[in-house]
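Notes follow once the structure below has been shown.
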Amino acid sequence: MESFCGKKYKMISSENFDEFMKAIGVGLITRKAANAVTPTIELRKDGDHYILVTTSTFKTSEIKFKPGEEFDEERADGAKVKSVCTIEGNTLKQVQKAADGVEVTFIREFGPEEMKAVMTAKDVTCTRVYKAQ
Numbered sequence: 090m091e092s093f094c095g096k097k098y099k100m101i102s103s104e105n106f107d108e109f110m111k112a113i114g115v116g117l118i119t120r121k122a123a124n125a126v127t128p129t130i131e132l133r134k135d136g137d138h139y140i141l142v143t144t145s146t147f148k149t150s151e152i153k154f155k156p157g158e159e160f161d162e163e164r165a166d167g168a169k170v171k172s173v174c175t176i177e178g179n180t181l182k183q184v185q186k187a188a189d190g191v192e193v194t195f196i197r198e199f200g201p202e203e204m205k206a207v208m209t210a211k212d213v214t215c216t217r218v219y220k221a222q
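This is how it looks when you write it as structure tokens:
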């Protein structure tokens with residue numbers, strides 16, 4: 090995964106994002122704002138921790154994690170969740186659990202030209218593709 094650290098990926102396509110956000114309980118105004126932006130994602134390494142930074146005109150958020158260890162996270166919509174990230178090859182898998190029991194899975198596959206993120210909550214799947222900058 091180190092070879093992808095420091096590389097920035099800009100979103101070029103998004104499929105089913107509004108339905109995904111509805112499934113996790115994001116309100117209408119926040120969904121409208123989130124649908125209007127094209128975020129950039131960057132993965133960084135700091136010792137034995139990774140930092141995933143998501144930047145947009147709407148909001149910048151980052152999560153710092155050590156693979157396999159649970160951590161507290163605040164989602165972009167403000168919800169407090171518990172997450173665990175694991176890395177296998179060039180894939181970063183994140184499982185997020187909210188207090189209301191909703192579980193979200195993010196599978197981010199990093200490549201030299203693009204990064205593909207597949208997010209699943211309940212029975213809704215969203216796919217977003219990011220192009221290397």
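Here the sequence shown is numbered in this note's numbering, starting from 90 and rising by one per residue. Quick reminder that beta carbons are idealized off the backbone N, C-alpha and C, glycines included.
Euclidean distance between Cα positions of residue i and residue j
i       : j       : result
Met-100 : Glu-202 : 12 Å
Cys-155 : Glu-108 : Note on residue identity: the sequence assigns Lys, not Cys, to residue 155. Straight-line Cα distance between these residues: approximately 30 Å.
Cys-94  : Ser-172 : 20 Å
Met-110 : Arg-120 : 7 Å
Thr-216 : Gly-136 : 30 Å
Glu-159 : Glu-177 : 17 Å
Asp-212 : Asn-105 : 12 Å
Beta-carbon proximity list for residue i, same chain, < 6 Å, skipping 5 on both sides
i       : result
Ser-102 : Val-218
Ile-196 : Lys-182, Val-207
Ile-152 : Leu-141, Glu-162
Residues near residue i by beta carbon distance below 7 Å, same chain, minus five either side
i       : result
Val-170 : Glu-162, Arg-164, Gln-185, Lys-186, Ala-187
Thr-175 : Pro-156, Gly-157, Lys-182
Ala-221 : Lys-96, Tyr-98, Pro-201, Glu-202, Glu-203
Ala-122 : Phe-147
Lys-134 : Glu-91, Cys-94
Asn-179 : Met-90, Phe-93, Glu-198, Phe-199, Gly-200
Among the options, the one whose alpha carbon lies nearest that of residue i
i       : options                            : result
Thr-194 : Ala-122, Met-90, Ile-113, Ser-92   : Ile-113
Ala-168 : Asp-189, Leu-117, Lys-205          : Asp-189
Leu-226 : Val-191, Val-115, Phe-199          : Residue 226 is absent from the model: the chain starts at 90 and stops at 222.
Tyr-139 : Glu-91, Ser-150, Thr-209, Ala-210  : Glu-91
Glu-192 : Ala-210, Thr-214, Asn-179, Thr-180 : Ala-210
Within-8 Å CB hit, residue i to chain D
i       : result
Lys-211 : No chain D is part of this structure, which consists of one protein chain only.
Item checked: Whole alpha helix (DSSP H) elements within the region 95-174, 4-residue minimum -> Taking only runs of at least 4 residues, the alpha helix (DSSP H) segments lying wholly in the region 95-174 are 106-112, 117-124.
Indicate whether the contact test is met: 3 or more Cβ pairs, each with one atom in the region 114-128 and one in the region 140-154, closer than 8 Å.
Taking 8 Å as the limit for Cβ pairs, the verdict is that the region 140-154 does touch the region 114-128.
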